[in-house]
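Asker: Take a look at the following structure, please.
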Amino acid sequence: MKECIEAIENRRSIRKFKSKQVSKSDINILLHSAQMAPSAGNLQAREFIVVSSEEGKEKLARAALKQEFLREAPVTIVVCANLKRSEMRYRARSALYAIQDATASVMNILLAAYSLGLGTCWMGAFDEKEVSSLLGLPEHVRPIALVVVGYPDEAPTAPPRLDEKIEHWEKWTSQSIDD
-13 MKECIEAIEN RRSIRKFKSK QVSKSDINIL LHSAQMAPSA GNLQAREFIV
37 VSSEEGKEKL ARAALKQEFL REAPVTIVVC ANLKRSEMRY RARSALYAIQ
87 DATASVMNIL LAAYSLGLGT CWMGAFDEKE VSSLLGLPEH VRPIALVVVG
137 YPDEAPTAPP RLDEKIEHWE KWTSQSIDD
């Protein structure tokens, strides 16, 4: 199996981490990988904030609906959408494209981290206004995801997938589980 497919198949959301620190060079690899994600018009309408201080992680954990495992991870990368950067070209769809740019970056972070032997968890449950305030984000920058990063201290199994129940060919079919 090719390395990329293996990473897609075996990457898991990790919520328990060893106390070992993540090196700055590994964080730089993750950030570079994030920046290599595709983006609408190559405008790269995304920003990354690396939080590793105990105080910063504690505040983020509170803003993340008290998900305390965020504090255990050595690093959290806050992935943001820069709406202004996309707006100049895409007007009405600019927010959507900036969010897509940011989320494509998240997936690259997750896969790159896996290839480095790191564990991650993509967190979307957080108070956006509180995170924006904590990080001093300007109005045109929205936090889209918190990605905790560290050395895994668990090895969860893959949760079940819906497979063909969510696949449609050529048009919508009534096989969907929501119909």
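For what it's worth, my numbering labels the leading residue of the sequence shown as -13, then goes sequentially. Every residue, glycine too, gets a C-beta built ideally from N, C-alpha and C.
For S101 versus A84, is the C-beta spacing smaller than 9 Å?
Answerer: As a first step, residue 101 must be located in the sequence shown, where it is residue number 115. As a first step, residue 84 must be located in the sequence shown, where it is residue number 98. Against a cut-off of 9 Å, the Cβ pair of A84 and S101 comes out as no contact.
Asker: Between R(-2), A(-7) and K(-12), which lies nearest to A144 when the distance is taken from Cα to Cα?
Answerer: In the sequence shown, the residue the question calls residue 144 occupies position 158. The residue with the shortest Cα to Cα distance from A144 is R(-2).
Asker: Distance, Cα to Cα, K52 vs E116?
Answerer: Start at 1 with the first residue of the sequence shown, and residue 52 comes out as number 66. Start at 1 with the first residue of the sequence shown, and residue 116 comes out as number 130. Looking at the two C-alpha atoms, the distance is approximately 12 Å.
Asker: In angstroms, rounded to a whole number, what distance separates the CA positions of G27 and V64?
Answerer: One-based indexing of the sequence shown puts residue 27 at position 41. One-based indexing of the sequence shown puts residue 64 at position 78. Cα to Cα, the separation comes out at about 23 Å.
Asker: Please confirm if the segment 139 to 154 is in contact with the segment 110 to 126, defined as three or more CB-CB distances below 8 Å between the two stretches.
Answerer: No: fewer than three Cβ pairs fall under 8 Å.
Asker: By the three-class DSSP mapping on this structure, what secondary structure does V64 have?
Answerer: If you number the sequence shown from 1, residue 64 lands on position 78. It is a strand residue.
Asker: To the nearest angstrom, report how far apart W155 and Q7 are at their CA atoms.
Answerer: For the purposes of this step, residue 155 is taken as the residue at position 169 of the sequence shown. For the purposes of this step, residue 7 is taken as the residue at position 21 of the sequence shown. Their backbone Cα atoms lie some 46 Å apart in a straight line.
Asker: Expressed to the nearest angstrom, what Euclidean distance is found between the alpha-carbon atoms of G136 and P60?
Answerer: As a working mapping, residue 136 is identified with position 150 in the sequence shown. As a working mapping, residue 60 is identified with position 74 in the sequence shown. The alpha-carbon atoms of G136 and P60 are separated by roughly 6 Å.
Asker: Mind checking whether A67 and R128 have CB atoms under 9 Å apart?
Answerer: By one-based count along the sequence shown, residue 67 stands at place 81. By one-based count along the sequence shown, residue 128 stands at place 142. Yes, these two residues count as a Cβ contact at 9 Å.
Asker: Reducing DSSP to helix, strand and coil, say where T89 ends up.
Answerer: Residue mapping note: residue 89 aligns to position 103 of the sequence shown, counting from 1. DSSP places T89 in helix when its eight states are reduced to three.
Asker: Buried or exposed: S25, going by 16 or more other Cβ atoms within 10 Å of its Cβ?
Answerer: The residue you call residue 25 lines up with position 39 of the sequence shown. Per the 10 Å Cβ criterion, buried.
Asker: Just to confirm, are A99 and G105 a CB contact at a threshold of 9 Å?
Answerer: By 1-based counting over the sequence shown, the position of residue 99 is 113. By 1-based counting over the sequence shown, the position of residue 105 is 119. Yes, the pair counts as a contact, with Cβ atoms nearer than the cut-off.
Asker: Leaving aside the five residues before and after E(-11) along the sequence, list all residues of the same chain whose C-beta is less than 8 Å from its C-beta, in chain order.
Answerer: One-based indexing of the sequence shown puts residue -11 at position 3. Only S101 meet the Cβ criterion.
Asker: Find the nearest neighbour of F3 within the set V134, E153 and D149, judged by alpha-carbon distance.
Answerer: Working through the sequence shown from its first residue, we reach residue 3 at position 17. Per the Cα distances, V134.
Asker: Measuring only the C-alpha atoms, how far is M109 from V36?
Answerer: Here the question's residue 109 lines up with position 123 in the sequence shown. Here the question's residue 36 lines up with position 50 in the sequence shown. Roughly 14 Å between the two C-alpha positions.
Asker: By how many angstroms is the C-alpha of V92 removed from the C-alpha of L69?
Answerer: As a first step, residue 69 is located in the sequence shown; it is residue number 83 there, counting from the start. As a first step, residue 92 is located in the sequence shown; it is residue number 106 there, counting from the start. Using only the alpha carbons, I get a separation of about 17 Å.
Asker: Please report how far the alpha carbon of L16 lies from the alpha carbon of E(-8), in whole angstroms.
Answerer: Looking up residue 16 in the sequence shown gives position 30. Looking up residue -8 in the sequence shown gives position 6. Cα-Cα distance, rounded: 18 Å.
Asker: From which residue to which residue does the beta strand (DSSP E) around L132 run?
Answerer: Along the sequence shown, read from residue 1 onward, the residue named residue 132 stands at position 146. Unbroken beta strand (DSSP E) run through L132: V127 to G136.
Asker: Helix, strand or coil: which one does DSSP assign to V117?
Answerer: Along the sequence shown, read from residue 1 onward, the residue named residue 117 stands at position 131. Three-state DSSP puts V117 in a helix.
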